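Enquirer: Numbering (the numbering used here), first residue to last: 226 to 718.
For glycine and all other residues, C-beta sits at the position ideal for the given N, C-alpha and C.
It should be emphasised that the depicted structure is a prediction, and the values quoted were computed from it without experimental measurement.
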Amino acid sequence: MLRAVHGQQSADLRVTPWNGGPVVRPPVWTPPTWLIVLVQVVKFCGRCLRACARHPVLTGLAVGLVVLVARYGWTTAGLVVAGCAGVLGVWAGAHWASFTRFVVWPVWAAWRRAWVYRRHWRSAMVLTGLAVEFCEREYIPRLGRVVCARHTDHVAVHLVSGQEPEQWERASAALAHTFGAISCRVHVAGPRRIWLEFTRTDPLATPVPALDPANPVDLAALPLGVREDGQPWTLNLTGTHVLVAGASGAGKGSVVWSLLRALGPAVASGHVAPWVLDPKGGMELWDGQAMFARFEADSYEAMADLLDKAVELMDERTRRLRGVTRQHEPTPVDPLVLVVVDELANLTAYLQDSGLRKRIGKALSLLLSKGRAVGVHVVGALQDPRKDVLPFRDLFPTRIALRLTEAAQVDMVLGDGARDRGALCDRIPRELPGVGYVLLDGEREPVRVRAAYVSDNDIRAMAREFPSPHRVEIPNTVAGAVPFIPRPREASE
């Protein structure tokens, strides 16, 4: 009976006299020595032909060199080789980007495929539990092509029948250590095909300087930092709310300030009006008051009033826009309102006044459930993402997970299975503030990113350059009006 199994057979596990098993019966026929030698020679020639077909460029160069030596001698062949080397040198000096793309990385990929991956492939598959036994035979996933970049290796793998990408996601940490990489992530390429992304060096180890905001501002692509692949990390604020979760010192301030910086020209033109709440007494957001239409940092009662005003504005816009449009378009007269809360837990869990805490929770729930379509958006920062701390965390469509203290918190922020798919937020070093993982639209696997660092001087310059025309002075419950006096501020988290 024929049994078709997709995969590469690596071993025969049947018990035979040659591997220590009991002798069941003597062989019926022993092939002669010359036939065994002939079969081995044919197999060797077949392997050579397959290798030549798999590497046509290298094979062509070798054959061409042999022909040159045979017909014209070593001197002519040496001159030709020297000329080719000179052409490559000129190419590299004239246009290094194309030279690395078409020469350096393909050669480097061929070397790493042969020396790093193919050499240890079978042992890695067996030891990580990705080999499959079927009908007393061992099958391993087939290694495909390798594509190298500056910081990563992308390895194509053809799965064995019965395997699923989730098995590889669970073994990703073991695979990374096996092949000497910093991390390994799994990307689904199609039926029975995946790509393993091995990170050799960390492209996000260097801090990202503050980015210049685009003018005009594109709310669907706000630049916040860089991605692991070197591409800009942009945030789509249209029709969404944003939750930034991370432990103390993880870089939540970098994300919030990068977002406000990206919105700077729209704030100055009046198209965006930030309403900011800083329950930590203004320690994080005080210096940017000139950019904020409304700002509260001292009174929890005033913060609750501010959230109630946002709900009233949301309800008024809903009545005005229903039947007219399904998505609010910001204008200087009717701007997009961005409600920023620096530490949500202070308002939803740690506030001692239970009545005030319920009032704030009700207002936030209403804003999160109905505010997106009418241009009232919420951006919240949080240290502890547990349900009892933030019961309505599922109402945030966009979530950014920075360094977290526990592995279980990763799935709380990014959804079930996010950590298995590569979002190792609990393993981000403390020395990398602003580094985290996000889920981008249309992508199953989380993307590693780093937010730009916005210094104190950058924040003060932003406040002077992008003042809000909608600014409202809110009375301070302690001592009259709140004057705008920049206070010393520590480095952004």
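Where does ASP378 sit, in a helix, a strand or coil, going by DSSP?
Expert: In this structure, ASP378 counts as strand in the three-state DSSP scheme.
Enquirer: Between the stretch 562 to 572 and the stretch 432 to 439, are three or more C-beta pairs nearer than 8 Å?
Expert: no
Enquirer: What's the C-alpha gap between PRO281 and ILE365?
Expert: 26 Å
Enquirer: For SER441, I'd like the list of residues in its chain whose CB is within less than 8 Å of its CB, leaving aside the five on either flank, ordered along the chain.
Expert: The sequence given here places Pro at residue 441; Ser does not occur at that position. For PRO441, same chain residues with a beta-carbon under 8 Å away, outside a window of 5 residues either side, are PRO490 and ALA491 in chain order.
Enquirer: Does DSSP put ALA686 in a helix, a strand or coil?
Expert: In this structure, ALA686 counts as helix in the three-state DSSP scheme.
Enquirer: To test your reading of the DSSP string, which unbroken alpha helix (DSSP H) runs of 4 or more residues are found completely within the stretch 479 to 537?
Expert: 489 to 494
Enquirer: Return helix, strand or coil for PRO331, following the three-state DSSP convention.
Expert: Note: PRO331 maps to helix in three-state DSSP.
Enquirer: So the alpha helix (DSSP H) CYS409 belongs to, where does it begin and stop?
Expert: Careful: CYS409 lies outside any alpha helix (DSSP H), inside the beta strand (DSSP E) at 408 to 415.
Enquirer: Nearest-angstrom Cα distance between GLN552 and GLY600?
Expert: Their Cα atoms are separated by approximately 8 Å.
Enquirer: Measure the C-alpha to C-alpha separation of THR353 and GLU391 and round it to an integer number of angstroms.
Expert: 14 Å
Enquirer: For the beta strand (DSSP E) that ALA643 lies in, which residues bound it at each end?
Expert: Where ALA643 is concerned, there is no enclosing beta strand (DSSP E), given that its DSSP letter is neither H nor E.
Enquirer: Can you give the Cα-Cα distance for GLU521 and GLY387, rounded to whole angstroms?
Expert: Their Cα atoms are separated by approximately 57 Å.
Enquirer: How long is the line joining the alpha carbons of ASN701 and GLY464, rounded to whole angstroms?
Expert: Low local confidence applies: a pLDDT of 43 at ASN701 is under 50, so the model's placement there is unreliable, with the coordinate-based value given in what follows. Their backbone Cα atoms lie some 33 Å apart in a straight line.
Enquirer: Give a yes or no on whether the C-beta atoms belonging to ALA627 and VAL679 are separated by under 8 Å.
Expert: The sequence as given places Leu at residue 627; Ala does not occur at that position. With a cutoff of 8 Å on beta-carbon distance, LEU627 and VAL679 are scored as not near each other.
Enquirer: Quickly, what does DSSP pair PRO434 with across the bridge? List them, please.
Expert: Looking at the DSSP assignment, PRO434 forms a beta bridge with TYR678.
Enquirer: For the pair the stretch 370 to 378 and the stretch 421 to 428, tell me if three or more CB-CB distances fall below 8 Å.
Expert: Three or more pairs of CB atoms, one per stretch, sit closer than 8 Å, so the stretch 370 to 378 contacts the stretch 421 to 428.
Enquirer: Reducing DSSP to helix, strand and coil, say where THR630 ends up.
Expert: In the three-state scheme derived from DSSP, where H, G and I count as helix and E and B as strand, THR630 is classed as coil.
Enquirer: Using beta-carbon positions only, say whether ALA688 and ALA446 come within less than 8 Å of one another.
Expert: no
Enquirer: ALA339: which of LEU368, ASP578, ARG452 and ALA529 sits nearest, CA to CA?
Expert: LEU368
Enquirer: My output table needs one value for GLY605: the three-state DSSP class, helix, strand or coil.
Expert: strand
Enquirer: Grab the span of the beta strand (DSSP E) containing TRP420 for me, first residue to last.
Expert: 418 to 424
Enquirer: Do GLY513 and ILE684 have their beta-carbon atoms positioned less than 8 Å apart in this structure?
Expert: Yes.
Enquirer: Unbroken alpha helix (DSSP H) runs of length 4 or more, entirely within the stretch 269 to 354: which are they?
Expert: 281 to 319, 321 to 324, 330 to 337 and 346 to 352
Enquirer: Give the straight-line distance between the Cα atoms of PRO610 and MET637, rounded to the nearest whole angstrom.
Expert: 7 Å
Enquirer: Locate the beta strand (DSSP E) running through GLU358, then write down its first and last residues.
Expert: 357 to 359
Enquirer: Under the assumption that PRO448 contacts HIS496 (Cβ atoms under 8 Å), give the Cβ distance between them as a whole number of angstroms.
Expert: Contact flag wrong, Cβ pair sits at about 17 Å.
Enquirer: Return the chain-ordered list of same chain residues with a C-beta closer than 7 Å to the C-beta of ALA518, the five sequence neighbours on each side being excluded.
Expert: ALA498, PRO499, TRP500, SER693, HIS695, ARG696 and VAL697
Enquirer: Please report how far the alpha carbon of THR543 lies from the alpha carbon of LEU593, in whole angstroms.
Expert: Straight-line Cα distance between these residues: approximately 14 Å.
Enquirer: Can you list, in chain order, the residues of its chain with a C-beta nearer than 7 Å to that of ARG547? Leave out the 5 residues immediately preceding and following it.
Expert: none
Enquirer: Return yes when the Cβ of PHE617 is within less than 8 Å of the Cβ of LEU468, no when it is not.
Expert: No, these two residues do not count as a Cβ contact at 8 Å.
Enquirer: Find the nearest neighbour of HIS402 within the set ARG326, GLY450, VAL266 and HIS345, judged by alpha-carbon distance.
Expert: HIS345
Enquirer: Who are the Cβ neighbours of VAL411 in its own chain at under 8 Å, not counting the five residues just before and after it?
Expert: PRO390, TRP393, GLU394, SER397, ILE419, TRP420, LEU421, GLU422, ARG646, GLY647 and GLU670
Enquirer: Going by DSSP, what residues sit across from TRP458 in a beta bridge?
Expert: In the DSSP output, where bridge partners are listed per residue, TRP458 has GLY450.
Enquirer: Output needed for VAL614: all residues of its chain with C-beta closer than 6 Å, excluding positions within five of it in sequence on either side, in chain order.
Expert: ALA570 and ALA574
Enquirer: Whole angstroms is fine: what's the gap from ALA535's alpha carbon to VAL382's?
Expert: 52 Å
Enquirer: Just reading off the alpha helix (DSSP H) that GLY586 is part of, what are its end residues?
Expert: 579 to 595
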